Amino acid sequence: MTAENLKIKEYCSISNNRVMLNGQLLFEAQGSDFITFIKLAYKKMDTKYPKFFKMDDLSKLGFLASDILLKPITQDSEMPKNIALAFSNSASSLETDRKHQESIRDKEYYFPSPAIFVYTLPNICLGEISIKHRLHSENSFFIFNHFNAEYLHDYANSLMKSEKADEVLCGWINCDVEDYEAFLYLVSTEGSIAHNKEEIIKLYTTK
Amino acid sequence: MSDLKQELKEKIITQLNLEDIAIEEIADNDSLFGDGLGLDSIDALELIVMLDKDYGIKLTDPKEGKKIFESIEVMSNYITEHRTK
C-alpha cells in the first residue's frame, strides 16, 4: 500500500447546529443551545446508546460524529474492525476540567463528581467510541493550536503503511463553552477523494 | 410511595442522567445495577457522593454500597436509619 493510493472515503461535520455527511445536510436545529441540539441530533440519527447521556459534551460530539461514519461499517459485522482513531483539538477537555474544578473549589463543600472527573481527559471520547464500535485499534488524541491537516495526514499514512490499521478515522473534535466543532473523515483504500493535505484542508474549511 | 423513595428516584434519574427512564418505571424493589436499571461502577461512586452530600452519610468502604444500593427500598431504609441531615 502506498500513500498515493489512500483515499478519503467519507467525511462528517457537526457545527453551527448542523450535522453534515459528505457535504449533505443530515440534520439542522437552529436556535437551540448545544445540549438541546446534540440531544435532538442523537434522536434524529437513531443512535440508540443510553450511555450517550452520561457523556460530557466533548464525548457526545465526537461520539455522534463517529457514529454517523462508523455505524454502517460496524453494526452488522461480527468481527471487530481495525479502524484506528486519530483525533485532535485545541481545548483538550477544558470545559469538563472547569466543571470539576468548580466542584472542588470550596473546601467546606467538597463533593467532586466521579461522573464528571472521568471525562477530564480528551481521549476518554476515543474510549467511548471504541466500546460502542468494538474497536481494539490504535487511538491517539492530539492537542494543537489549530486544525493540523499535515500532521493528521502524515499520521494516518504512517498507520496505514505500517499496517497498524485498515482504515483511520481522523479529525478535529473541539468543545469549549458554547463553541463546538466536529470534523471527521475516514481514510481508506476506497473512496473518490484523494487523501492529501490540500483536500483535507478543503473539506475542513468548506464543511 | 414515601417521600424519600420518590426523592431518591428523582435524584437517580437526574444525577445519573438516565434520560430515557421515568420515575414510574422504577419499582421500589427493582435492582439498580445489572439487569435492573443497568447502573455502572461510576454510577455507584456517584451514589456514594450523593449519600454524603445530601444525607450526611459517609461510606468508608465503597464495597458497602453494593448492599445499600440494591434497590430503592433498601437505600431508603438505610438512609432513614443513618442520615445526619
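So the protein lines, in turn, are chains A and B.
Count along the first sequence starting at 1, add 663, and that's the number in the numbering used here.
Count along the second sequence starting at 1, add 93, and that's the number in the numbering used here.
Just so you know, even glycine gets a beta-carbon here, dropped at the ideal spot from N, CA and C.
Fair warning: this is a prediction, and the values are worked out from it, not measured in the lab.
- Judged by beta-carbon spacing, P775 (chain A) lies beyond the 8 Å limit of E139 (chain B), meaning their Cβ atoms are not closer than that value.
- Residue range A812 to K824 is occupied by the alpha helix (DSSP H) that includes A812 (chain A).
- Here I119 (chain B) has K102 as same chain residues with Cβ atoms under 6 Å from its own Cβ, once five neighbours each way along the sequence are excluded.
- The stretch 827-843 of chain A makes no contact with the stretch 116-132 of chain B, as fewer than three CB pairs between them are under 8 Å.
- Rounded to whole angstroms, the gap between the alpha carbons of D121 (chain B) and K98 (chain B) is 7 Å.
- Here F126 (chain B) carries a strand assignment [DSSP, helix/strand/coil].
- Distance from the Cα of A728 (chain A) is smallest, within the candidate group A:A857, A:D769 and A:Y843, for A:Y843.
- If you compare the alpha carbons of A:N745, A:L849, A:K762 and A:A845 with that of E801 (chain A), the shortest gap goes to A:N745.
- A residue is called buried once 16 or more other Cβ atoms fall within 10 Å of its Cβ, and H809 (chain A), having fewer, is exposed.
- At a cut-off of 8 Å, the C-beta of K178 (chain B) has no neighbouring C-beta in chain A.
- For the stretch 735-801 of chain A, the full-length alpha helix (DSSP H) segments reaching 4 residues or more read 757-767, 777-780 and 787-796 along the chain.
- In the DSSP assignment, E844 (chain A) falls within the beta strand (DSSP E) that extends over D842 to S851.
- By the neighbour-count criterion, in which a residue is buried when 16 or more other Cβ atoms sit within 10 angstroms of its Cβ, I677 (chain A) is buried.
- Looking at A:T759, A:N752 and A:D739, the one whose alpha-carbon comes closest to that of K717 (chain A) is A:T759.
- Checking the DSSP bridge columns, you'll see I677 (chain A) partnered with A:V682 and A:A845.
- In this structure, the straight-line span from the alpha carbon of K860 (chain A) to that of A812 (chain A) is close to 6 Å.
- With a threshold of 8 Å between beta carbons, V167 (chain B) makes no contact with chain A.
- The C-alpha of Y814 (chain A) is placed about 12 Å away from the C-alpha of L822 (chain A).
- 8 Å or more divides the Cβ of I856 (chain A) from the Cβ of I731 (chain A).
- Comparing alpha carbon positions, the residue from A:A749, A:F715 and A:A845 closest to N786 (chain A) is A:A749.
- In the pairwise beta carbon analysis, the stretch 143-150 of chain B is classified as touching the stretch 162-176 of chain B: at least three pairs are separated by under 8 Å.
- DSSP places I119 (chain B) outside any beta strand (DSSP E), giving it a letter other than H or E.
- Think of a sphere of 8 Å around the beta carbon of I105 (chain B): no beta carbon from chain A falls inside it, the nearest being about 12 Å out.
- Between H816 (chain A) and L733 (chain A) a beta carbon distance of about 20 Å is seen, past the 8 Å cut, so the two are scored as non-contacting.
- Pairing S851 (chain A) with T783 (chain A), the inter-Cα distance amounts to about 31 Å.
- Remark: C-beta atoms of Y867 (chain A) and F846 (chain A) approach each other more closely than 8 Å.
- Of the candidates B:S95, B:E117 and B:V142, B:V142 places its Cα closest to the Cα of Q108 (chain B).
- For S855 (chain A), the three-state secondary structure derived from DSSP is coil.
- Take the alpha-carbon of M683 (chain A) and the one of L689 (chain A): they are about 5 Å apart.
- For L138 (chain B), the neighbours in chain A by C-beta distance under 7 Å run, in chain order, P777.
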